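To start, the structure under review is shown below, and the notes come after it.
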Amino acid sequence: MFQTLYSYFWWERLWLPANLTWADLEDRDGRVYAKASDLYITLPLAFLFLVVRHLFETYVATPLAGLLNVKEKVRLKATPNAVLEKFYAATTKHPKQADVEALSKKSGCTVRQVERWFRRRRNQDRPSLLKKFREASWRFTFYLIAFIAGMAVIVDKPWFYDLREVWKGYPIQSMLPSQYWYYMIELSFYWSLLFSIASDVKRK
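Residue numbers (this note's numbering): 910 to 1113.
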């Protein structure tokens, strides 16, 4: 069963152009070709990126925020209230007027106090300016380095100046070490963003 699924998944007609087989893409004569197994290295590299990111945000981005005078806004915290907290977590963060009035009676607070509580509670969940700065600094730094590195390894290649060179030898095209590492590092970075998506600043 497993072997059948494996065969269907790697069916040559699904992945490769006509008249091309996996055997045609085996390394030979000093030429290296892309393989699916190359992707295995991206997972440990992704976790390495998470470690590097933590160190960068702690020892580079945070001091930089201080130098640039990035300040936090003072946010008043909502007073602990089990009734309002339960409604906030289970129902909605933006109660309607009828809900506010019902919660007022149930919690023993005034309507004004309930409205103020929800406003402060929503503010507590908003990411801080420092968190946004640290995350943006990390992404900017990576993309800048990736762009510079990408230009450095491609500027001396013939296909950078002549697009016809891109299709030379297609579909049997070997892969340079610089290309391999560029794509592996890029994919690892995006894996790391996927792993940290729950704790990163949510974007609309």
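Even glycine gets a Cβ: it sits at the ideal position worked out from N, Cα and C.
Note that the structure is predicted; figures quoted are calculated from it, not measured.
Review point. Phe-1067 to Glu-1074, Cα distance in whole Å?
Key: The identity of residue 1067 in the sequence shown is Pro, whereas the question assumes Phe. If I take the Cα positions, the gap works out to 7 angstroms.
Check your understanding: So, Trp-1100 versus Ala-943, is the Cβ gap smaller than 7 angstroms?
Key -> no
Exercise for review: Give the DSSP-derived three-state secondary structure of Arg-962 in the structure shown.
Suggested key: helix
Check your understanding: Using CA coordinates, which residue listed in Thr-951, Glu-994, Asp-1008, Thr-971 is at the minimum distance from Gln-1033?
Key -> Glu-994
Exercise for review: Using only alpha-carbon positions, find the residue among Pro-926, Glu-921, Arg-940 that is nearest to Ser-1083.
Suggested key: Arg-940
Exercise for review: Would you mind giving the Cβ-Cβ distance between Glu-981 and Leu-923, rounded to the nearest angstrom? I have them listed as a contact below 8 angstroms.
Suggested key: That pair is no contact at about 52 angstroms.
Review point. In whole angstroms, what separates the C-alpha of Ala-1007 from that of Val-960?
Key: 47 angstroms
Practice item. State buried or exposed for Ala-1061, treating a residue as buried only when at least 16 other CB atoms are found within 10 Å of its CB. Key: exposed
Check your understanding: So what does Arg-940 bridge to, in DSSP terms?
Key -> Arg-937
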